[in-house]
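Peer 1:
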Amino acid sequence: MMTYMNNIHHLYPVIDKSLPFLSAGWLINRDFNSLDARQLFTLELVRSIASHCILSNISADHHRRSYYALANECHGRAMVLFDKAATDISIPTLQAVILAALHSLLSPQQANCAQLIGLAVRIAIELRANDKQQGGRDEAKLQRLYRVTYCIENQVATALDRPALLPAPPCDQRVDTAHIQRTLCDLYRIQSRFRSKPDDAEAIVSLDHELSSHIKHLEGMSMDQGKANVLATAYETRLLLSPNDDEAAVRLLETYGQPHYIRAFLSPQWAYRAGVAIISASGSKGSGQAIQAYSRCLVFLEQCSRTWPSASALKKSLESFALKQ
């Protein structure tokens, strides 16, 4: 539970902290049978997501196999309960669908990521409309889940060059790095605005200025409790706006190496983009920093290939690109 709450929940505050299995006195052997279907679904999926997070920082094969097996077992038990956890158009259903979508970012072969995100988007839009009609009774909670859905959808939309359907949530004009989930949302809003007007030079200057403010604040923060992922998203956004920015590429790869960074199946694609930027900027005779960053990129892609085999193809493609320079 602590792995999930310390690393995922700060970025994507989906589940309620009032859940019984998050209380200090709860014991799985004693209290497991007291959970209802939705709570069991949440518990099993949280355990699976946490196991995948731990996998990112394990190199020993026998330990990886153990956590991979645990992740699969928990996911299997959770999905048996999915129809009971997602029964209607409600906040608990949205929470269940978002949690399943989050899992698909770590293990895309076990679910249709686009389908789950699309379902979350439709539920979020309908719930928001219903809540306005009812006087905003669940406004704060719904806004939080809406932001999470927006972040997940745009994370995939940018990396895979797909359209995003969920309208952007209200924007807070302040740079609020103390609330890292809102900062993450701001970064994906910048990505979305760029994708809508990629050739608008004036708009890009404005977006770049906004992004620089976020990066300046984030770089002064310690990389714990999800902050490494937010900083990585900031550098990914910089590469989106300026694909040849080798400095952002170097810093992105450094951030990927932080122990608190949580990898998703999209991370290798950004690492590849960073590698291309570094190689293109340095040419055939790269500086020491460029060579080190390129090597770091290859190592990262190799590590990712143990979880997502497609990263191996990206690594080979990058090596081939480097040889041609």
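Counting in our numbering, the sequence shown runs without a single skipped number right up to 321 at its last residue.
Each residue gets a CB set at the ideal place from its N, CA and C atoms; glycine is no exception.
1) Under 8 Å by Cβ, that's how I've got A286 and S278 pegged, so tell me the actual separation to the nearest angstrom.
2) So, with DSSP's three-state summary, where would you put T303?
3) Fully enclosed by the stretch 39 to 105, which alpha helix (DSSP H) runs are 4 residues long or longer?
4) Measure the C-alpha to C-alpha separation of R247 and L156 and round it to an integer number of angstroms.
5) Measuring only the C-alpha atoms, how far is V76 from E40?
6) In whole angstroms, what separates the C-alpha of L141 from that of D242?
7) What are the boundary residues of the alpha helix (DSSP H) that includes P264?
8) If you follow the alpha helix (DSSP H) that F190 is in, where does it begin and where does it stop?
9) Can you list, in chain order, the residues of its chain whose CB lies under 7 Å from that of S81, leaving out five sequence neighbours each side?
10) Distance check for E232 and Y257, CA to CA, integer angstroms please.
11) Taking only the alpha-carbon atoms, compute the straight-line gap between T173 and Y146 and give it to the nearest angstrom.
12) For chain D, check one thing: does any of its Cβ atoms lie closer than 7 Å to the Cβ of S52?
13) Any heavy atom of the ligand ADP within a distance shorter than 6 Å of the CB on F261?
14) With a Cβ-Cβ cutoff of 7 Å, do I113 and E149 count as a contact?
15) Consult DSSP for V117 and reduce its assignment to one of helix, strand or coil.
16) How long is the line joining the alpha carbons of S19 and V42, rounded to whole angstroms?
17) If you draw a straight line from the C-alpha of L90 to the C-alpha of K311, how long is it?
18) In terms of residues, what are the limits of the alpha helix (DSSP H) holding Q151?
19) Measure the alpha-carbon distance for C107 versus Y8 and round it to whole angstroms.
20) Which of the three DSSP states, helix, strand or coil, is assigned to Q111?
21) What are the boundary residues of the alpha helix (DSSP H) that V246 is part of?
22) Residue range of the alpha helix (DSSP H) that E206 falls in?
23) In whole angstroms, what separates the C-alpha of C70 from that of K212?
24) Tell me the rounded alpha-carbon separation between H210 and T83.
25) How would you label Q130, buried or exposed, when you count the other beta carbons within 10 angstroms and need 16 or more for buried?
Peer 2: On the basis of the data shown:
1) Confirmed, about 4 Å.
2) Taken through DSSP and simplified to helix, strand or coil, T303 comes out as coil.
3) With a minimum length of 4 residues, the continuous alpha helix (DSSP H) runs that stay inside the stretch 39 to 105 are 57 to 76, 78 to 81 and 87 to 102.
4) In this model, R247 and L156 are separated by some 22 Å (Cα to Cα).
5) Distance between the alpha carbons of V76 and E40 is about 10 Å.
6) C-alpha of L141 to C-alpha of D242: approximately 35 Å in a straight line.
7) Annotation for P264: the continuous alpha helix (DSSP H) segment containing it runs S263 to S278.
8) For F190, the uninterrupted alpha helix (DSSP H) segment begins and ends at I176 to S192.
9) Residue identity check: residue 81 is Ala in the sequence provided, not Ser. So the qualifying residues of the chain are A33, R34, F37 and A92.
10) A direct Cα-to-Cα measurement between Y257 and E232 gives close to 14 Å.
11) Its pLDDT being 48, under 50, T173 is placed unreliably by the model, and nothing is read from it.
12) In summary, chain D is missing from the structure at hand, where a single protein chain is found.
13) Judged by which ligands are present, the structure shown has none, so any question about the ligand ADP falls away.
14) Yes. Within cutoff.
15) Under the three-state reduction of DSSP output, V117 falls in the helix class.
16) The alpha-carbon atoms of S19 and V42 are separated by roughly 15 Å.
17) For the pair L90 and K311, the Cα-to-Cα distance works out to about 37 Å.
18) From DSSP, the alpha helix (DSSP H) with Q151 extends over E135 to L156.
19) According to the sequence provided, residue 107 is Ala. The question's Cys does not apply to it. Looking at the backbone, the Cα of A107 and that of Y8 are separated by about 19 Å.
20) In the structure shown, the three-state DSSP call for Q111 is helix.
21) Start and end: D242 to Y252.
22) The continuous alpha helix (DSSP H) containing E206 extends over residues A197 to L214.
23) Approximately 40 Å between the Cα atoms of the pair.
24) Computed Cα separation, rounded: 39 Å.
25) Exposed is the call here.
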